[in-house]
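Visitor: Mind having a look at this structure? Questions to follow.
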Amino acid sequence: MKRTAFWAALAIACGIGVAMPAQAGTTFDAVKARGILNCGVHTGLAGFGAPDDKGEWAGLDVDVCRAVAAAMFGDAKKVKYVPLTTQQRFTALQSGEIDMLSRNTTVTSQRDTELGMNFGPFNFYDGQGFLISKKLSKVKSAKDLKGATICVLPGTTTELNLTDYFRANKMNFKPVVIEKQDELAAAFFAGRCDAITSDSSQLASIRSAQAPKPEDYTLLPDLISKEPFAPAVRHGDDQWFDLVKWSVYAMFEAEEKGVGSANIDSLKGGSDPTIKRLLGETPGLGKALGVNEDWAYQIVKQVGNYGESFDRNVGANSKLKLPRGLNSLWNQGGLMYSPPVR
Amino acid sequence: MSDNASHAPKTASEIASHVEEPSQAELHTHRRNAFAALGWARENLFSSIPNTILTILSVTLLVWAVPPLLDWMLLKATFLSEDPAACREAGGACWSFVTVKHRFILFGLYPYDEHWRPLLAMGLFIAALAVSCDSRFWNKRILYVWALALPLCGLLMWGGWFGLTFVPNDKWGGLPLTLILATLGIVLAFPLSVLLALGRRSDMPAIRAICVGYIETVRGVPLVSVLFMASIMFPLFLPEGVTIDKLLRAQLGIMLFTAAYLAEAVRGGLQALPKGQYEAADALGLSYWQKTRLIILPQALRLVIPPIVNQFISCFKDTSLVIIIGLYDLLTTAKTALADPSWRAFYVESYVFAALIYFLFCFFMSRYSQYLERRLNAGLKR
């Protein structure tokens, strides 16, 4: 009797937790019907996706979620953030727990094919770099690091890239491996190694956060790996993929045309055809995507263009102070390029 | 010894070096007590050569370790400044990290303006737990207390009624989440574990096989893998679009895991009871359930309080493993608070703060179990 009651209670408890959303057709329709976007983000990576002191999400990747919500619903706040660990992220996308993944995920061919994902436009180009003390004035590039002791996280692609790079250049080095990022950085700043290696965005954040005097340390110009980050969706719904893709492109295009959240209203009724299309004054684009005609206007108004998002989260106006570098627009020496929004 | 004690210590390090010495009390007493203290010290601290060496070593260790620690923790520490630069300047512990981030660490992603709700719910929860510890409530009243407290907590946390905005449980975090996971895990696991233990000693082969199989399987895998299965493998088996709440998955995982371990502790108690107790109960003509409820369990459970509490404490701390499935329990929020680049250097403070909270709860549990043991065994003493 007791046992029956227990199992009955358990069954009810399970029943409450099982959500059966009306996900009859595609992701696009499901998101529209639900009225909120389930977006997978990092559990806490400054500048890309992390809750602030008040528990509000912010970051470059988070802005992609907000842009898609702005395009879909005209409201950038209609996002449910699903914080995911590195191991969870692909399963969450495959199983339908999230509609899109925007979590500084490096695009690789295996992920694109075998894991069944479609990657949108690259929204950040990272690469593995080296941080050294300025006291090593002779070291001007990574090639000068012959025989150096180098701090590195064990068991990561970072470590493999490092070994590959030194082997390819026929140089030797002494690795200092420490499991925890914070302790690794502390060891470097205590002078236990000549250089520390990691993704360059990571190194910049380590320098600003943990260096006793950040100005005493410098990033070497060489990047020894390619780490392009992009938002991803599941295979199988091209309409949804299109919306994610063009939401990001609209942010690039807006920056290129000098359209920002502050001046967008003053540009209404202008004559530039590209800006007119971006503001939804020339109809057609919204209908083709299946959303309102003012979709791009809402993105720029509520989230900002790519440059604004970059400055706010990782660039000059943020704590990370990353240079634009590869992430500048194509006409300013970078790689950010949007096909024409027309 | 007595020479040192006779004049007042002047520096922090001198005070520190005396803290552990038993003669500290005499600082405030008359000189004639010094002889007694000398005698005490000779007997307890310098009674033999190894003992003397140990005393000297411990005192040296304390003198070496305590002053820098105090220096770091208190004297050079920064408490209120909201600027991380001030912390670096001072060079000591940066408790202002905790001052700035405590609300995030304690409540996680819960909407900032509604933090009073988890605070109140937590207060209620702890009050209900405290009441449950009081033996005067060990009857039907305890059911009323929980029947009132649990829905109220749920109402506060979820909201959606009486003008409270709805907060979905994926936004719960921090200490309330840890308490919920641990308490519900323990409370639900306990009855299940008793059933499992009884089943393992049952005469019915099918039930025994199921119970043995379950206990051995679960005990054979680490909790991390159970949580991993629940959060990563399990969703792949469900039809697309059907999701089971992440919190519920973790809660069930913790409960099922704890139950298997507890079952073995309970079985120890069942086996420790003299056979005469079982036979006497049978001779009275009691049914199986009457016998178990009235004779066996009250005695068996009393015997195994220490291992049970051990398991409770370990369950409480194990909840921190939900970090791997992206739930914001207390340890995860402490870690996530560090994502802020300007405060990232102060990870020690963050973890010390979290450790302190864990310690408070675990210490309370172990003290309470000692009290409980004394109380329940009072009848056995002569």
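Chains as they are written, first to last, in our numbering: chain F, 21 to 362; chain C, 968 to 1349.
Note that CB positions come from ideal geometry on N, CA and C, so glycine has one too.
#1: Using a Cβ-Cβ distance under 8 Å, would Tyr185 of chain F count as near chain C?
#2: Taking the alpha-carbon of Gln1278 of chain C as reference, which of C:Gly1252, C:Ala1164, C:Phe1157 has the nearest alpha-carbon?
#3: With distances taken Cα to Cα, identify the nearest neighbour of Val17 of chain F among C:Val1193, C:Ala1321, C:Gly1293, C:Ala1095.
#4: So for Pro234 of chain F, helix, strand or coil by DSSP?
#5: What is the C-beta distance between Ala270 of chain F and Ile319 of chain F, in whole angstroms, given that I count them as a contact (C-beta under 8 Å)?
#6: Once the 5 residues before and after Ala29 of chain F are set aside, which same chain residues still bring their CB inside 8 Å of it?
#7: Any idea what DSSP makes of Val105 of chain F, helix, strand or coil?
#8: Shorter than 8 Å from the beta carbon of Glu117 of chain F to some beta carbon of chain C?
#9: If the cut is a Cβ gap below 8 Å, which residues of chain C does Lys98 of chain F touch?
#10: Grab me the residues of Ile1280 of chain C's own chain with a C-beta within less than 6 Å of its C-beta, minus the 5 sequence neighbours each way, in chain order.
#11: Output needed for Leu1159 of chain C: all residues of its chain with C-beta closer than 6 Å, excluding positions within five of it in sequence on either side, in chain order.
#12: Grab the span of the beta strand (DSSP E) containing Leu342 of chain F for me, first residue to last.
#13: Got a sec? Which residues, its chain only, sit under 7 Å from Lys265 of chain F by beta carbon, not counting five neighbours each side?
#14: Between F:Ala70, F:Thr125, F:Ser220, which lies nearest to Thr1303 of chain C when the distance is taken from Cα to Cα?
#15: I'd like to know whether the C-beta of Val1067 of chain C is nearer than 8 Å to at least one C-beta of chain F.
#16: In chain C, which residues lie less than 8 Å from Leu204 of chain F when you measure between Cβ atoms?
#17: Using 8 Å as the limit for Cβ to Cβ distance, is Ala70 of chain F near chain C?
#18: Would Pro1051 of chain C be called buried (16 or more neighbouring beta carbons within 10 Å of its own) or exposed?
#19: State buried or exposed for Thr1145 of chain C, treating a residue as buried only when at least 16 other CB atoms are found within 10 Å of its CB.
#20: Cβ of Leu1240 of chain C within 8 Å of Cβ of Ala1197 of chain C?
#21: If the cut-off is 7 Å on Cβ atoms, which residues from the stretch 215–229 of chain F count as contacting chain C, listed in chain order?
#22: Please go through the same chain and pick out, in chain order, the residues whose beta-carbon is closer than 7 Å to the beta-carbon of Asp369 of chain F, but skip the five residues on each side of it.
#23: Just the Cα atoms here: how many angstroms apart are Ala205 of chain F and Ala1306 of chain C?
#24: Taking the C-alpha atoms as reference points, what is the distance between Gly1121 of chain C and Tyr1111 of chain C?
#25: Classify Val323 of chain F as helix, strand or coil using the three-state DSSP reduction.
#26: Contact criterion: CB-CB distance below 8 Å. Does Gly942 of chain C meet it with respect to chain F?
#27: When the Cα of Ile1153 of chain C is compared with those of C:Leu1298, C:Val1276, C:Ala1094, C:Trp1113, which residue comes out closest?
#28: Is Gly35 of chain F helix, strand or coil when you go by DSSP?
#29: So, under 8 Å CB-CB, Tyr1228 of chain C and Arg1186 of chain C are touching, yes? Tell me the CB distance rounded to an integer number of Å.
#30: Can you name the start and end residues of the alpha helix (DSSP H) that Phe261 of chain F belongs to?
#31: Does Glu117 of chain F come out as helix, strand or coil in the three-state DSSP assignment?
#32: Is there a Cβ from chain C that is less than 8 Å from the Cβ of Leu65 of chain F?
Guide: For this structure:
#1: Locating residue 185 of chain F in the first sequence gives position 165, where the first residue counts as 1. No, because no Cβ of chain C sits closer than 8 Å to the Cβ of Tyr185 of chain F.
#2: Counting from 1 along the second sequence, the entry for residue 1278 of chain C is found at position 311. Checking every option, the nearest Cα to that of Gln1278 of chain C belongs to C:Phe1157.
#3: Only positions 21 to 362 of chain F appear in the structure, and residue 17 of chain F is not among them; the question remains open.
#4: For the purposes of this step, residue 234 of chain F is taken as residue 214 along the first sequence, with counting starting at 1. Helix.
#5: Start at 1 with the first residue of the first sequence, and residue 270 of chain F comes out as number 250. Start at 1 with the first residue of the first sequence, and residue 319 of chain F comes out as number 299. Confirmed, about 5 Å.
#6: If you number the first sequence from 1, residue 29 of chain F lands on position 9. Note that Ala29 of chain F scores a pLDDT of 47, beneath 50, so its modelled location is shaky; the value from the coordinates is reported in the next line. Same-chain partners within the cutoff: there are none.
#7: What you label residue 105 of chain F is simply residue 85 of the first sequence in a count that begins at 1. According to the sequence provided, residue 105 of chain F is Thr. The question's Val does not apply to it. Looking at Thr105 of chain F - three-state DSSP - the assignment turns out to be coil, as it is neither helix nor strand.
#8: Locating residue 117 of chain F in the first sequence gives position 97, where the first residue counts as 1. For Glu117 of chain F, the answer is yes, since a Cβ of chain C falls inside 8 Å of its Cβ.
#9: As a working note, residue 98 of chain F is residue 78 in the first sequence. By Cβ distance, chain C contributes nothing, its closest Cβ being about 14 Å from Lys98 of chain F, past 8 Å.
#10: Position 313 of the second sequence, counting from 1, holds the residue named residue 1280 of chain C. Contacts found: Cys1329, Met1332.
#11: Locating residue 1159 of chain C in the second sequence gives position 192, where the first residue counts as 1. Closer than 6 Å at Cβ, skipping near neighbours: Ala1226.
#12: For the purposes of this step, residue 342 of chain F is taken as the residue at position 322 of the first sequence. No beta strand (DSSP E) contains Leu342 of chain F, which DSSP labels as neither H nor E.
#13: Locating residue 265 of chain F in the first sequence gives position 245, where the first residue counts as 1. Answer for Lys265 of chain F: Gly140, Pro141, listed in chain order.
#14: Stepping through the second sequence from its first residue, residue 1303 of chain C is reached at position 336. Of the candidates F:Ala70, F:Thr125, F:Ser220, the one whose C-alpha sits nearest the C-alpha of Thr1303 of chain C is F:Ala70.
#15: Walking along the second sequence from the start, residue 1067 of chain C turns up at place 100. Val1067 of chain C counts as touching chain F.
#16: Counting from one through the first sequence, the residue named residue 204 of chain F turns up at place 184. Those within 8 Å of Leu204 of chain F in chain C number zero; the least Cβ separation is about 12 Å.
#17: For the purposes of this step, residue 70 of chain F is taken as the residue at position 50 of the first sequence. True, the Cβ-Cβ gap to chain C drops below 8 Å.
#18: Within the second sequence, the letter at position 84 stands for residue 1051 of chain C. With 16 or more Cβ atoms within 10 Å of its Cβ, Pro1051 of chain C is classed as buried.
#19: Numbered from its first residue, the second sequence carries residue 1145 of chain C at position 178. Under this definition Thr1145 of chain C is a buried residue.
#20: In the second sequence, the residue the question calls residue 1240 of chain C occupies position 273. In the second sequence, the residue the question calls residue 1197 of chain C occupies position 230. For Leu1240 of chain C and Ala1197 of chain C, no; Cβs fall outside 8 Å.
#21: Ser225, Ser228, Ala229
#22: No statement about residue 369 of chain F is possible, as the shown extent of chain F runs from 21 to 362 and does not include it.
#23: For this step, residue 205 of chain F is matched to residue 185 along the first sequence. For this step, residue 1306 of chain C is matched to residue 339 along the second sequence. Approximately 14 Å, taken between the alpha carbons.
#24: Stepping through the second sequence from its first residue, residue 1121 of chain C is reached at position 154. Stepping through the second sequence from its first residue, residue 1111 of chain C is reached at position 144. Rounded to whole angstroms, Gly1121 of chain C to Tyr1111 of chain C spans 16 Å at the Cα level.
#25: As a working note, residue 323 of chain F is residue 303 in the first sequence. Of the three classes helix, strand and coil, the one that applies to Val323 of chain F here is coil, per DSSP.
#26: Shown here, chain C extends from 968 to 1349; a query on residue 942 of chain C therefore has no answer.
#27: Your numbering for residue 1153 of chain C matches position 186 in the second sequence. Ile1153 of chain C has its Cα closest to that of C:Val1276, out of C:Leu1298, C:Val1276, C:Ala1094, C:Trp1113.
#28: Here residue 35 of chain F refers to the residue found at position 15 when the first sequence is read from its first residue. Confidence at Gly35 of chain F is low in this model, with a pLDDT of 43, below 50, so the placement of that residue should be treated as unreliable; the coordinate-derived value is given next. Here Gly35 of chain F sits in helix by DSSP.
#29: What you label residue 1228 of chain C is simply residue 261 of the second sequence in a count that begins at 1. What you label residue 1186 of chain C is simply residue 219 of the second sequence in a count that begins at 1. Indeed, because the Cβ distance is near 7 Å, the residues count as touching under 8 Å.
#30: If you number the first sequence from 1, residue 261 of chain F lands on position 241. 258–276 is the extent of the alpha helix (DSSP H) around Phe261 of chain F.
#31: For the purposes of this step, residue 117 of chain F is taken as residue 97 along the first sequence, with counting starting at 1. In this structure, Glu117 of chain F counts as coil in the three-state DSSP scheme.
#32: If you number the first sequence from 1, residue 65 of chain F lands on position 45. True, the Cβ-Cβ gap to chain C drops below 8 Å.
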